[in-house]
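**Student:**
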Ligand code: PNW
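In the working numbering, the protein residues as written are 508 to 935.
1. Please go through the same chain and pick out, in chain order, the residues whose beta-carbon is closer than 6 angstroms to the beta-carbon of residue 820, but skip the five residues on each side of it.
2. Skipping 5 residues on each side, what residues in its chain have a beta carbon closer than 6 angstroms to that of residue 800?
3. Confirm the yes/no value for this check: CB of residue 530, any heavy atom of the ligand PNW, distance under 6 angstroms.
4. Please go through the region 642-706 and give each complete alpha helix (DSSP H) segment of 4 or more residues, from N-terminal end onward.
5. By the DSSP assignment, the alpha helix (DSSP H) with residue 827 in it spans what residues?
6. CB residue 668 to CB residue 792, shorter than 7 angstroms?
7. For the beta strand (DSSP E) that contains residue 624, what are its first and last residues?
8. Buried or exposed for residue 594, please, with buried defined as at least 16 other CB atoms from any protein chain shown within 10 angstroms of its CB.
9. Report the CB separation of residue 830 from residue 731 in whole angstroms; it is logged as a contact under 8 angstroms.
10. Within its chain, find whatever has a CB closer than 8 angstroms to the CB of residue 889; leave out the 5 residues flanking it on each side and keep chain order.
11. Out of 718, 540, 563 and 568, which one is the CA nearest neighbour of residue 632?
12. For the beta strand (DSSP E) containing residue 920, list its first residue and its last residue.
13. Can you find the residues in the same chain that come closer than 8 angstroms, C-beta to C-beta, to residue 926, ignoring five residues on each side of it along the sequence?
14. Can you tell me which of 903, 818, 592 and 894 puts its alpha carbon nearest to the alpha carbon of residue 923?
15. Which value, in whole angstroms, describes the spacing of the CA atoms of residue 520 and residue 690?
16. Considering Cα atoms alone, identify which of 553, 703 and 677 is closest to residue 694.
17. Just the Cα atoms here: how many angstroms apart are residue 839 and residue 642?
18. So, are the CB atoms of residue 949 and residue 675 less than 7 angstroms apart?
19. According to DSSP, residue 774 sits in a beta bridge with which residue or residues?
20. With distances taken Cα to Cα, identify the nearest neighbour of residue 707 among 784, 878 and 844.
21. How close, in whole Å, do the beta carbons of residue 622 and residue 585 come, if the pair is a contact with beta carbons under 8 angstroms?
22. Hey, could you find the ends of the alpha helix (DSSP H) residue 909 is sitting in?
23. Buried or exposed: where does residue 636 fall if 16 or more other Cβ atoms within 10 Å of its Cβ makes it buried?
24. Measure the CB-CB distance between residue 711 and residue 653 and report whether it falls below 7 angstroms.
25. Please confirm whether any heavy atom of the ligand PNW lies closer than 6 angstroms to the CB of residue 672.
26. Can you round the beta-carbon distance between residue 566 and residue 609 to whole angstroms, since I take them to be within the 8 angstroms contact cut?
27. For residue 563, which of 544, 796 and 534 has the nearest alpha-carbon?
28. Hey, which unbroken runs of the alpha helix (DSSP H) at 4 residues or more fall wholly within the region 700-770?
29. From residue 930 to residue 578, what distance separates their C-alpha atoms?
30. Assess, as a yes-or-no matter, whether the region 850-865 is touched by the region 908-915 under the definition of 3 or more beta carbon pairs within less than 8 angstroms.
31. Under the three-state reduction of DSSP, which class applies to residue 928: helix, strand or coil?
32. Under 7 angstroms, do residue 814 and residue 863 count as touching if we go by C-beta distance?
33. Beta-carbon separation of residue 879 and residue 832 under 7 angstroms?
34. Quick one: grab the DSSP three-state call for residue 568.
35. Can you tell me the Cβ-Cβ gap for residue 901 and residue 553, rounded? I've got them flagged as a contact below 8 angstroms.
36. Where does the unbroken beta strand (DSSP E) through residue 531 begin, and where does it stop?
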């Protein structure tokens, strides 16, 4: 019996990995078509992306560094504006080749690539000609575009992620926060863009599952919202807030319908759509960064004891990850493979001795490990955001998340957190 338990523990801990995550727009730079973020930053006088970390030139060196750190799993994204830079369906062979080069380089070092199809860099021509995610035909454009990628890279990529954080795109790019591209904001647009992203994911996921052997999922993000006291009203507020944000996307994917909070408000999915949504994935990607308290008036707060990142919305509070995964295990699934596709910290005064980031990552990985040992959900891996300091959207280069420092000359230097992960990886 003792041996059995021991062996179970070992097989489990060995099947869990730590990887790193990036996205095309935030690291690549040069030689691509115009995206909604190029236009949005220019119009709003925000810091332009420029050449970012110039990963376009330095990718070989970067993937070699990954290898030297012992990293075996790499989540990246493909830029639509590199594959079709100037017009819909006008494919640039150089763009296609660039990602072949990236995947070849990964495979050379035995690094498994996880490719995100859409991480926010929509071609500007799709926003101008058809209103981007507000037009339901985007579902067909996204499907056709994805089919090209699947066909092209099918021998090299076995893990696909359709859309990164549809919640963020809908609330920040089309909804109430309105601080992200394309900045076309109204309540109607917020819900419309969410629905179209869900359906776009569903069509692509369903197509992939019906035609390919590999794995596919969507990447959802959520904070953990915790009642500040035992008051029933606070608990109700916490439940509702989780439903409004996470449930908005999770419920359609798992149950084929919107959660109760939206039932009177949003058009239900028809039977075909339901069926596609429910059969559109083989795993779930989860971006999780932080936790908030909520009180009986549904007002959110944090404790003054929590270490705050440079990003004002981000606090080091790892028990939120544990509670979130327990919530998912109870409400949605214990068996579906789950990957933490992003988790990371933008340290204030971010130096090579990044003790706060290291503290954050060790704490969150500790909770992930505990969840696996306690059999709460089927957690497979944990991708640290991010491999490199990079372009942090509306905040420009002001908030850095990298385990590797990148300076103005694009010189790379390992931070303490990279070295700690390097030493941790062999134990998993
Ligand atoms: C995610 N918020 O975005 C994205 O997937 C990454 O591209 C990004 O760099 C990373 O997290 C760090 O921000 C978020 O305001 C952007 O709560 C904003 C928020 C959360 C996630």
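Built from N, CA and C at the ideal position, the CB exists for glycine as well.
All values reported here derive from a predicted model rather than from experimental measurement.
**Tutor:** Result, derived from the coordinates:
1. Taking the first residue of the chain shown as 1, we reach residue 820 at position 313. For residue 820, where only same-chain residues beyond five positions count, there are no Cβ hits under 6 angstroms.
2. Counted from its first residue, the chain shown places residue 800 at position 293. Listed in chain order, the non-local C-beta contacts of residue 800 below 6 angstroms within the same chain comprise 733, 735 and 808, local neighbours out to five positions each way being set aside.
3. Residue 530 sits at position 23 when you count from the first residue of the chain shown. Checking the Cβ of residue 530 against the ligand PNW gives yes.
4. Counting whole runs of 4 or more residues, the region 642-706 contains the alpha helix (DSSP H) stretches 645-660.
5. Along the chain shown, read from residue 1 onward, the residue named residue 827 stands at position 320. Run containing residue 827: 826-838, per the alpha helix (DSSP H) assignment.
6. Residue 668 sits at position 161 when you count from the first residue of the chain shown. Residue 792 sits at position 285 when you count from the first residue of the chain shown. Yes, the Cβ-Cβ distance between residue 668 and residue 792 is below 7 angstroms.
7. Translated into positions along the chain shown, residue 624 becomes position 117. First-last of the beta strand (DSSP E) with residue 624: 619-625.
8. The count along the chain shown starts at 1 and reaches residue 594 at position 87. Exposed is the call here.
9. Your numbering for residue 830 matches position 323 in the chain shown. Your numbering for residue 731 matches position 224 in the chain shown. With 8 angstroms as the limit, residue 830 and residue 731 qualify as a contact, their Cβ atoms being about 5 angstroms apart.
10. Position 382 of the chain shown, counting from 1, holds the residue named residue 889. Setting aside the 5 residues that flank it on each side, residue 889 is surrounded in the same chain by 523, 524, 525, 526, 846, 847, 850, 871, 872 and 875, each with a C-beta closer than 8 angstroms to its C-beta; the list follows chain order.
11. Counted from its first residue, the chain shown places residue 632 at position 125. Selected option, being the one with the closest Cα: 540.
12. Residue numbering aside, residue 920 sits at position 413 when the chain shown is read from its first letter. Taken as a continuous stretch (DSSP letters only), the beta strand (DSSP E) holding residue 920 covers 919-921.
13. Position 419 of the chain shown holds residue 926. For residue 926, where only same-chain residues beyond five positions count, there are no Cβ hits under 8 angstroms.
14. Residue 923 sits at position 416 when you count from the first residue of the chain shown. It is 894.
15. On the chain shown, residue 520 is found 13 positions in, with the first residue counted as 1. On the chain shown, residue 690 is found 183 positions in, with the first residue counted as 1. Residue placement at residue 520 cannot be trusted, given a pLDDT of 45 that sits under 50; what the coordinates show is reported in the next sentence. Distance from the CA of residue 520 to the CA of residue 690, rounded to the nearest whole angstrom, comes to 43 angstroms.
16. Here the question's residue 694 lines up with position 187 in the chain shown. Of 553, 703 and 677, the residue nearest in Cα terms is 677.
17. Position 332 of the chain shown, counting from 1, holds the residue named residue 839. Position 135 of the chain shown, counting from 1, holds the residue named residue 642. The straight-line gap separating the alpha-carbon atoms of residue 839 and residue 642 is approximately 30 angstroms.
18. For residue 949 there is no data in the structure shown, the boundaries of the chain being 508 and 935.
19. One-based indexing of the chain shown puts residue 774 at position 267. In the DSSP output, where bridge partners are listed per residue, residue 774 has none listed.
20. Taking the first residue of the chain shown as 1, we reach residue 707 at position 200. The residue with the shortest Cα to Cα distance from residue 707 is 784.
21. Taking the first residue of the chain shown as 1, we reach residue 622 at position 115. Taking the first residue of the chain shown as 1, we reach residue 585 at position 78. With 8 angstroms as the limit, residue 622 and residue 585 qualify as a contact, their Cβ atoms being about 6 angstroms apart.
22. Position 402 of the chain shown, counted from the start, is the residue given in the question as residue 909. Judged by DSSP secondary structure, residue 909 falls outside any alpha helix (DSSP H); it is assigned neither H nor E.
23. As a first step, residue 636 must be located in the chain shown, where it is residue number 129. Burial is judged here by how many other beta carbons sit within 10 angstroms of a residue's own beta carbon; residue 636 has fewer than 16 and is exposed.
24. Translated into positions along the chain shown, residue 711 becomes position 204. Translated into positions along the chain shown, residue 653 becomes position 146. Cβ distance < 7 angstroms, so residue 711 and residue 653 count as in contact.
25. By 1-based counting over the chain shown, the position of residue 672 is 165. Yes; taking the cut-off as 6 angstroms, the Cβ of residue 672 has a heavy atom of the ligand PNW nearer than that.
26. Counting from 1 along the chain shown, the entry for residue 566 is found at position 59. Counting from 1 along the chain shown, the entry for residue 609 is found at position 102. By a beta-carbon distance limit of 8 angstroms, residue 566 contacts residue 609. Their separation comes to about 6 angstroms.
27. Residue 563 sits at position 56 when you count from the first residue of the chain shown. Comparing Cα-Cα distances from residue 563 to each of 544, 796 and 534, the minimum goes to 534.
28. If you keep only unbroken alpha helix (DSSP H) runs of at least 4 residues inside the region 700-770, you get 739-749, 755-762 and 767-770.
29. Within the chain shown, numbered from 1, the residue matching residue 930 stands at position 423. Within the chain shown, numbered from 1, the residue matching residue 578 stands at position 71. If you take the alpha carbons of residue 930 and residue 578, they lie about 11 angstroms apart.
30. Touching, yes, given that three or more Cβ pairs across the two stretches are closer than 8 angstroms.
31. Residue mapping note: residue 928 aligns to position 421 of the chain shown, counting from 1. DSSP, reduced to helix, strand and coil, places residue 928 within a helical segment of the structure shown.
32. Counting from 1 along the chain shown, the entry for residue 814 is found at position 307. Counting from 1 along the chain shown, the entry for residue 863 is found at position 356. With respect to the 7 angstroms criterion, residue 814 and residue 863 are classified as neighbours on the basis of their beta carbons.
33. Locating residue 879 in the chain shown gives position 372, counting from the first residue. Locating residue 832 in the chain shown gives position 325, counting from the first residue. The answer is no: Cβ separation not under 7 angstroms.
34. As a position in the chain shown, residue 568 is number 61, starting the count at 1. Three-state result, residue 568: helix.
35. Locating residue 901 in the chain shown gives position 394, where the first residue counts as 1. Locating residue 553 in the chain shown gives position 46, where the first residue counts as 1. The beta-carbon separation of residue 901 and residue 553, rounded to 6 angstroms, stays under the 8 angstroms limit for a contact.
36. By one-based count along the chain shown, residue 531 stands at place 24. Not the beta strand (DSSP E): residue 531 falls in the alpha helix (DSSP H), residues 531-534.
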